[in-house]
Each structure stands twice: as structure tokens, then as C-alpha cells.
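Enquirer: Mind having a look at this structure? Questions to follow.
Protein chains: 2
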Amino acid sequence: MSGFEALLSETAEAVEVALDSVLSPKPRPGEIARPERLVAAMRHAMLGGGKRLRPALVAASARLFDVTGEEPLMAGLAVECIHGYSLIHDDLPAMDDDDLRRGRPTTHRAFDEATAILAGDALQALAFDLLAQERTHPDPAVRIALVAILARASGLGGMVGGQMLDLAAEGRFGPGGGADEAGVRLIQSMKTGALIAASVAMGGVLGGASATAQEALLRFGESLGFAFQLADDLLDVAGDAASVGKATGKDAAAGKATLVGLMGIDAARARLASLVDEADAALAAFGSEADALREAARFVVLRDR
Amino acid sequence: MSGFEALLSETAEAVEVALDSVLSPKPRPGEIARPERLVAAMRHAMLGGGKRLRPALVAASARLFDVTGEEPLMAGLAVECIHGYSLIHDDLPAMDDDDLRRGRPTTHRAFDEATAILAGDALQALAFDLLAQERTHPDPAVRIALVAILARASGLGGMVGGQMLDLAAEGRFGPGGGADEAGVRLIQSMKTGALIAASVAMGGVLGGASATAQEALLRFGESLGFAFQLADDLLDVAGDAASVGKATGKDAAAGKATLVGLMGIDAARARLASLVDEADAALAAFGSEADALREAARFVVLRDR
Numbered sequence: 000m001s002g003f004e005a006l007l008s009e010t011a012e013a014v015e016v017a018l019d020s021v022l023s024p025k026p027r028p029g030e031i032a033r034p035e036r037l038v039a040a041m042r043h044a045m046l047g048g049g050k051r052l053r054p055a056l057v058a059a060s061a062r063l064f065d066v067t068g069e070e071p072l073m074a075g076l077a078v079e080c081i082h083g084y085s086l087i088h089d090d091l092p093a094m095d096d097d098d099l100r101r102g103r104p105t106t107h108r109a110f111d112e113a114t115a116i117l118a119g120d121a122l123q124a125l126a127f128d129l130l131a132q133e134r135t136h137p138d139p140a141v142r143i144a145l146v147a148i149l150a151r152a153s154g155l156g157g158m159v160g161g162q163m164l165d166l167a168a169e170g171r172f173g174p175g176g177g178a179d180e181a182g183v184r185l186i187q188s189m190k191t192g193a194l195i196a197a198s199v200a201m202g203g204v205l206g207g208a209s210a211t212a213q214e215a216l217l218r219f220g221e222s223l224g225f226a227f228q229l230a231d232d233l234l235d236v237a238g239d240a241a242s243v244g245k246a247t248g249k250d251a252a253a254g255k256a257t258l259v260g261l262m263g264i265d266a267a268r269a270r271l272a273s274l275v276d277e278a279d280a281a282l283a284a285f286g287s288e289a290d291a292l293r294e295a296a297r298f299v300v301l302r303d304r
Numbered sequence: 000m001s002g003f004e005a006l007l008s009e010t011a012e013a014v015e016v017a018l019d020s021v022l023s024p025k026p027r028p029g030e031i032a033r034p035e036r037l038v039a040a041m042r043h044a045m046l047g048g049g050k051r052l053r054p055a056l057v058a059a060s061a062r063l064f065d066v067t068g069e070e071p072l073m074a075g076l077a078v079e080c081i082h083g084y085s086l087i088h089d090d091l092p093a094m095d096d097d098d099l100r101r102g103r104p105t106t107h108r109a110f111d112e113a114t115a116i117l118a119g120d121a122l123q124a125l126a127f128d129l130l131a132q133e134r135t136h137p138d139p140a141v142r143i144a145l146v147a148i149l150a151r152a153s154g155l156g157g158m159v160g161g162q163m164l165d166l167a168a169e170g171r172f173g174p175g176g177g178a179d180e181a182g183v184r185l186i187q188s189m190k191t192g193a194l195i196a197a198s199v200a201m202g203g204v205l206g207g208a209s210a211t212a213q214e215a216l217l218r219f220g221e222s223l224g225f226a227f228q229l230a231d232d233l234l235d236v237a238g239d240a241a242s243v244g245k246a247t248g249k250d251a252a253a254g255k256a257t258l259v260g261l262m263g264i265d266a267a268r269a270r271l272a273s274l275v276d277e278a279d280a281a282l283a284a285f286g287s288e289a290d291a292l293r294e295a296a297r298f299v300v301l302r303d304r
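Chains as they are written, first to last, in numbering that gives the first Met the number 0: chain Z, 0 to 304; chain A, 0 to 304.
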């Protein structure tokens with residue numbers, strides 16, 4: 000098990016415990032009441048599953064600067080809440096209309112559409128609530144920098160915008176447009192890449208990274224995000240549903256343009272290898288303290304789900 | 000025209016201009032691209048309408064401490080983005096299923112459901128993006144305090160939680176429950192009251208209010224939020240659709256329990272008058288610098304839409 004895999008498993012455990020507490024039915028100061036059904040839906044979506052890749056990336060990146068413990072965990076929880084809300088909303092009938100997620104009913108299937116929409120909305124608010132807490136970092140300037148990164152990476156020019164372009168490319172609002180390689184690459188960099196890169200950047204902010212270090216982390220995060228999506232596309236083509244944990248071959252069935260479809264499997268695998276090299280190159284200025292991040296790039300490429 | 004009405008009209012103009020710029024199709028630093036259709040949906044929902052009551056409350060409250068200009072405007076835009084996203088999502092077929100809002104097609108009618116969900120999601124992210132900007136306040140501690148207030152007031156223990164309880168009270172998830180006066184009061188304090196009280200509190204934070212002053216603003220905000228909702232219920236019963244700008248008599252038709260329905264019109268009017276007294280009492284320690292807020296309470300009660 001690599002250092003990153005150990006960090007991933009340690010982070011997954013800490014995230015589970017922390018989310019269980021954050022999503023307690025008991026209202027916090029400044030809250031009036033927490034509706035039982037809404038809490039249940041948020042817990043359904045957030046607990047008991049997921050690799051917790053993004054929180055582990057925050058932790059691996061913060062570790063570069065010897066920052067460990069509660070601070071990267073809190074920031075990681077915030078990113079995970081954003082990721083989780085996007086899955087709930089993307090699964091809705093009006094969007095990708097999925098019944099299963101990680102082998103369990105999606106939130107709107109386990110509950111109902113209205114509850115699922117609201118659970119997603121509340122998770123987004125919770126993400127920023129978590130970042131605003133002193134436990135995330137004693138310095139308000141650090142906390143507000145985290146808010147800025149996460150808000151921008153997840154909003155109309157990032158994750159949400161990427162989902163919008165993805166639906167458009169499927170021809171949902173007229174003839175599909177973004178089916179060439181540059182178009183698919185743009186969609187993926189927004190829909191998935193932005194939040195992965197933000198996770199790495201947030202670790203750097205927690206560690207008080209210099210502008211040069213932050214720049215290196217940004218380049219690393221972009222290569223990593225791209226590699227993540229390419230690996231995901233390859234799994235969709237070549238993986239089997241049991242190990243991937245969701246239906247495979249879905250993209251092709253949906254007539255969805257993917258990089259693997261456009262490049263072919265062999266070229267995609269070669270590109271994946273070169274992305275790992277690019278990720279390594281971005282970290283060249285760091286020593287062994289960056290090993291967890293280097294291993295993260297390998298993990299993302301070699302994972303089977 | 001009272002001082003608050005002048006402030007309201009001045010704020011409405013500034014909000015319109017600022018939103019037009021914030022919702023430009025051009026990506027900002029840290030954003031990859033802004034999908035045209037998503038920007039169009041966000042503009043449809045946010046521009047050309049609305050009283051901009053919440054931004055005016057931020058401004059009126061900040062004015063208590065001689066703070067005017069861009070800072071309360073930025074904070075007000077953030078609250079307005081949260082308010083706007085909640086209207087888009089509440090109007091969805093899975094929620095209140097409304098075709099009209101301010102006399103124009105709701106966002107999912109003018110576009111489609113997926114676009115409306117994403118436009119709401121992106122507006123929520125935009126709200127926190129705005130608060131994180133230095134233009135909102137030079138001190139990061141003030142900005143993060145605004146994030147904390149807005150996230151908590153709008154999340155599962157505030158606005159979103161209130162919408163959830165409202166749907167539950169309508170019997171959406173089984174037999175309706177919250178139909179007594181305390182239940183309706185709880186729903187309203189969460190669904191509408193929390194964001195109105197947050198607007199007032201945010202003005203106080205921008206003004207560097209003392210703990211005592213902030214406490215007074217909190218009490219004022221709570222009375223104001225309650226009064227706002229009661230006035231809204233009375234308009235639904237007694238107003239006509241043309242001046243209210245949306246269908247009236249809707250609550251009764253939906254079999255929805257309202258305070259007016261439970262108390263009767265006369266008792267509701269009397270309660271409304273006593274809420275204005277309570278709002279005034281909360282501001283007793285302030286001099287004429289609080290007149291805009293005092294007038295805000297009267298405006299909320301006497302408005303005809």
C-alpha cells in the first residue's frame with residue numbers, strides 16, 4: 000500500500016466520523032431546527048461510501064508543508080460536501096436520471112426529488128459553513144481564501160458550468176456541440192478537473208504555500224484532474240460494473256463523446272502515462288514531502304473503480 | 000417617500016447594475032469558461048425585477064454605523080443571489096411547480112429543469128464568491144463572518160430547512176404535521192425569517208457592531224422577518240393578483256396552513272402592529288441613524304406587493 004493509499008484510507012475513516020457528527024440531527028448555534036427527513040437524505044448521500052479522494056488530496060497537499068490533522072480534514076469535508084451535492088443533483092431525473100450510485104439508490108430514489116434538490120442545496124451551504132469555522136484555520140485570511148477557491152471552482156465557471164456544457168454536448172438543448180477533443184477536454188476540466196485542482200490548491204493555502212509553490216500545485220492539480228477523468232473514461236470502456244460500482248459502457252450507450260472514444264483506447268492509455276509524467280514534473284521542486292501527491296497521481300491512474 | 004423607500008429604490012438600481020456586471024458572459028480569474036445558456040438563465044432569474052428588499056436591509060443596517068457604498072452592496076448582492084436561487088429551486092415542478100414569477104415565466108419554464116437546477120446551484124456558489132472578494136470588506140475576518148452568517152441562515156437549519164418543513168406540512172411525505180400556530184411559525188422563521196434577519200445582521204458586521212448592538216439587530220431582524228411573512232400571508236388573502244404580481248389565494252387553494260388562516264385576519268393585523276412595536280423596541284438604544292431600519296419595518300407591513 001502506497002503512502003497515498005494509507006492516507007486515503009485514514010482520511011476516509013476520519014471523514015466518515017466527522018460527517019456523522021456534522022450531519023447530526025441537533026441544530027448548531029445560529030440554526031433554528033434541522034428537519035429530520037432532510038438530515039436523513041443528506042446522511043444517505045454522504046455517509047457509508049465514496050473513496051474520499053478529494054479530502055485525501057487536500058490532506059496530501061497540506062502534508063507538503065507539514066500541516067496535518069483537523070485543518071485539512073475540515074477543508075476536505077467542505078470539498079466533499081460540494082462533490083456530494085453535485086452527485087445528488089446530477090443524478091436527478093431532469094439531469095442524468097440515475098437510479099443507482101455506489102450500488103445504492105440515488106437520493107431522489109431513496110427519498111423523492113424535492114428532498115434530493117434540498118439536500119444538495121443544504122450540502123452546498125454546509126461546505127461554506129465548515130470553511131468559515133475557526134477549526135478550519137485560526138487565520139480568517141486563510142479561511143476566506145479557501146472560500147474563494149471552492150466557490151469559484153464549483154460555480155458557473157467551474158463544476159456547475161461543466162455539468163451544463165456536458166448536458167449541452169449531449170444535445171439536450173438543441174444539436175450537441177462539444178464533441179471534438181477540445182470541447183470534451185473543456186467540459187471535463189470544468190466538471191471534474193476544477194474541484195480536484197481546488198482540493199490540491201486548498202492544501203497549499205492551509206500550508207501557507209509561496210506563490211511559486213501554489214503555482215506548481217496548480218499545474219499538478221490540472222494534470223491530476225485530467226488524468227482522473229481519462230482513467231474514468233477508460234474504466235467506463237474497459238472496466239466491469241461489479242468492480243467499478245456503477246453501470247459501465249454508459250457513455251457509449253448515451254452516445255456521449257469521451258476522450259477515449261475520440262482518441263482510441265491505446266492513445267488514451269499513452270496520454271494517461273504522459274499526464275503522470277506531467278504531474279511529476281510539476282512537483283520537481285519538492286522533495287520526498289511530495290511523495291504522497293506523486294503517489295496520488297499513480298493511484299488515480301491505476302485505480303479499478 | 001420614506002428614507003427606507005429612497006434607499007430601496009437606490010439599492011435596487013445599484014443591484015441591477017452590479018448583477019449585470021457580475022453575471023457577464025466573460026469568465027473571471029479562476030474560472031475556465033461561462034456557458035452561455037447558464038449565464039442567460041441566471042440573468043433571467045436575477046435581472047429586471049424584485050424589490051431587492053434584502054440588499055436594502057443590509058444597506059439600512061450598515062448605515063447605522065455610517066457604512067455606505069460598495070461594501071453593503073456586495074454583501075447585499077450575495078444575499079440576493081441566495082434569495083434568487085431559492086426562488087428558482089422552489090418554483091421547480093418537484094417543489095411548488097410554479098409557471099410564473101414576478102409576472103414572467105419561471106426559470107425552468109423559460110429554459111428547462113436541468114438548466115434551472117444548475118442556475119440555482121451556480122447562484123449559491125456566486126453568493127459566497129462575492130463575499131470572499133476584497134471589495135466586500137478589506138478585513139478577511141469581516142468577510143468570513145459574513146460567510147458564516149449567510150451559510151448558516153440559508154442551509155439545513157435555516158432557509159432550505161424551512162422549505163423542507165413547508166413541503167412536509169403540505170403532506171408531501173405522508174400526513175402533514177406542522178399545521179398548528181407554533182409549527183407554521185417555525186416554518187416561516189426558517190424559510191423566510193432567517194435570511195431577512197441575516198441581512199440585518201450582515202449590515203451590523205460590516206459596521207463593526209458591538210455585541211450589544213448586534214444582539215439588538217438580531218431581535219429587530221427576527222421581528223422584521225416575522226412581520227414580513229405575516230404581511231405576505233395577508234396579501235395572499237386580501238391582495239389582488241395584479242398588484243401582488245403573483246397568484247393570490249394560492250395558500251388557501253393549496254390547503255396550506257398560514258398564520259392568517261389560523262388566527263383570522265383581524266388578529267393577524269393586530270399581531271402585525273405589535274411586531275412593528277417590537278421591532279422599534281429592539282432599536283430603542285439607537286438614535287436617528289436607525290430611522291431607515293425603523294421605516295423598513297413599516298414598509299414591510301404596509302407594502303402592497
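A virtual CB, placed ideally from N, CA and C, is assigned to each residue, including glycine.
Pairing CB atoms from the segment 109-121 of chain Z with CB atoms from the segment 77-88 of chain Z, are three or more of them under 8 Å?
Expert: Contact between the segment 109-121 of chain Z and the segment 77-88 of chain Z is present, because at least three Cβ pairs lie under 8 Å.
Enquirer: Look at A/VAL14 and A/ARG62 and say whether their C-beta atoms are less than 7 Å apart.
Expert: Against a cut-off of 7 Å, the Cβ pair of A/ARG62 and A/VAL14 comes out as no contact.
Enquirer: Please state the DSSP three-state secondary structure of Z/PRO139.
Expert: Helix at Z/PRO139.
Enquirer: Consider the Cβ of Z/ILE186: report whether some Cβ of chain A lies at a distance smaller than 7 Å.
Expert: Chain A, which has no Cβ nearer than 7 Å to the Cβ of Z/ILE186, makes this no.
Enquirer: For A/ARG100, write down the residues that DSSP places opposite it in a beta bridge.
Expert: Answer by DSSP bridge pairing, in chain order: A/ARG103.
Enquirer: Within 7 Å (strictly less), CB to CB, does A/GLU30 reach chain Z?
Expert: Output row for A/GLU30: interface = yes.
Enquirer: Nearest chain Z C-beta to A/SER153 closer than 7 Å, yes or no?
Expert: For A/SER153, the answer is yes, since a Cβ of chain Z falls inside 7 Å of its Cβ.
Enquirer: Would you kindly work out how many angstroms separate the C-alpha atoms of A/ASP97 and A/ASP90, rounded to a whole number?
Expert: Looking at the two C-alpha atoms, the distance is approximately 5 Å.
Enquirer: What distance in whole Å lies between the Cβ atoms of Z/ARG293 and Z/ILE195, which are believed to be in contact at a cut-off of 8 Å?
Expert: Contact flag wrong, Cβ pair sits at about 15 Å.
Enquirer: Under 7 Å, do A/LEU274 and A/ALA226 count as touching if we go by C-beta distance?
Expert: Yes, Cβ-Cβ distance for A/LEU274 and A/ALA226 is below 7 Å.
Enquirer: Can you tell me which of A/LEU129, A/THR106, A/LEU7 puts its alpha carbon nearest to the alpha carbon of A/ALA56?
Expert: Note on identity: in this sequence residue 56 of chain A is Leu, with Ala being the wrong assignment. The residue with the shortest Cα to Cα distance from A/LEU56 is A/LEU7.
Enquirer: Answer with buried or exposed for Z/ARG100, where buried requires no fewer than 16 other C-beta atoms within 10 angstroms of its C-beta.
Expert: With 16 or more Cβ atoms within 10 Å of its Cβ, Z/ARG100 is classed as buried.
Enquirer: Return the chain-ordered list of same chain residues with a C-beta closer than 6 Å to the C-beta of Z/ARG218, the five sequence neighbours on each side being excluded.
Expert: Closer than 6 Å at Cβ, skipping near neighbours: ALA281.
Enquirer: Any idea what DSSP makes of Z/LYS190, helix, strand or coil?
Expert: Z/LYS190 falls in the helix class under three-state DSSP.
Enquirer: For Z/THR211, which three-state DSSP category applies?
Expert: Correct three-state label for Z/THR211: helix.
Enquirer: At which residues does the alpha helix (DSSP H) containing Z/VAL78 begin and terminate?
Expert: First-last of the alpha helix (DSSP H) with Z/VAL78: 69-90.
Enquirer: Strictly under 7 Å for the Cβ-Cβ distance: is Z/HIS88 near chain A by that measure?
Expert: Yes, Z/HIS88 counts as interfacial toward chain A.
Enquirer: Leaving out the 5 sequence neighbours to the left and right, which residues in its chain are closer than 7 Å to Z/ASP165 when beta-carbon positions are compared?
Expert: Excluding sequence neighbours, Z/ASP165 sits near ILE186, LYS190.
Enquirer: Under a Cβ-count criterion, where at least 16 other Cβ atoms within 10 Å of its own Cβ denotes burial, should Z/ILE31 be classed as buried or exposed?
Expert: Result: buried.
Enquirer: In this structure, does DSSP put A/GLY119 in helix, strand or coil?
Expert: Helix, per DSSP.
Enquirer: Here's the rule: buried if 16 or more other CB atoms are within 10 angstroms of the residue's CB, otherwise exposed. What is A/ILE264?
Expert: Classification of A/ILE264: exposed, given that the 10 Å Cβ count is below 16.
Enquirer: Spell out whether any CB of chain Z is found under 7 Å from the CB atom of A/ASP120.
Expert: So, interface residue.
Enquirer: For A/THR257, which three-state DSSP category applies?
Expert: Coil, per DSSP.
Enquirer: Using the three-state DSSP reduction, which class does A/ASP231 fall into: helix, strand or coil?
Expert: Helix at A/ASP231.
Enquirer: Counting only Cβ pairs nearer than 9 Å, list the residues of chain A close to Z/ALA208.
Expert: Ordered by position in chain A, no residue passes the 9 Å Cβ test against Z/ALA208, which lies about 16 Å from the chain.
Enquirer: Given a threshold of 16 other Cβ atoms within 10 Å of its Cβ, counted over all protein chains shown, does A/LEU301 qualify as buried or as exposed?
Expert: Looking at its Cβ environment, which holds fewer than 16 other Cβ atoms inside 10 Å, A/LEU301 is exposed.
Enquirer: What would DSSP say about Z/ARG171, mapped onto helix, strand or coil?
Expert: Three-state DSSP puts Z/ARG171 in coil, outside helix and strand.
Enquirer: Does the Cβ-Cβ distance between A/LEU37 and Z/MET163 come in under 7 Å?
Expert: For A/LEU37 and Z/MET163, yes; Cβs fall inside 7 Å.
Enquirer: For Z/GLY157 and Z/ALA200, what's the separation of their Cα atoms in angstroms?
Expert: In a straight line, the C-alpha of Z/GLY157 is about 14 Å away from that of Z/ALA200.
Enquirer: Within the 7 Å Cβ cut-off, does A/ALA267 reach chain Z?
Expert: It does not: the Cβ of A/ALA267 has no partner Cβ on chain Z nearer than 7 Å.
Enquirer: Out of A/ILE143, A/ASP290, A/ALA237, which has the shortest C-alpha to C-alpha gap to A/VAL204?
Expert: Ranking A/ILE143, A/ASP290, A/ALA237 by Cα distance to A/VAL204 puts A/ILE143 first.
Enquirer: Between the Cα of Z/ALA221 and the Cα atoms of Z/LEU233, Z/ASP276, Z/ARG268, which residue gives the shortest distance?
Expert: Residue identity check: residue 221 of chain Z is Glu in the sequence provided, not Ala. Taking only the C-alpha atoms, the option nearest Z/GLU221 is Z/ASP276.
Enquirer: Does the distance from the C-beta atom of A/ASP128 to that of Z/ALA150 stay below 7 Å?
Expert: Contact: yes.
Enquirer: How is A/ASP65 classed by DSSP in three states: helix, strand or coil?
Expert: Three-state DSSP puts A/ASP65 in coil, outside helix and strand.
Enquirer: Scan the segment 132-156 of chain A for residues whose Cβ lies nearer than 7 Å to a Cβ of chain Z and list them as they occur along the chain.
Expert: Of all residues in the segment 132-156 of chain A, PRO139, ALA140, ARG142, ILE143, VAL146, ALA147, ALA150, ARG151, SER153, GLY154, LEU155, GLY156 have a Cβ within less than 7 Å of some Cβ in chain Z.
Enquirer: With 7 Å set as the bound, which would you pick, yes or no: does the beta-carbon of A/ALA196 sit closer than that to a beta-carbon of chain C?
Expert: Absent here is chain C; the protein component of the structure consists of chains Z and A.
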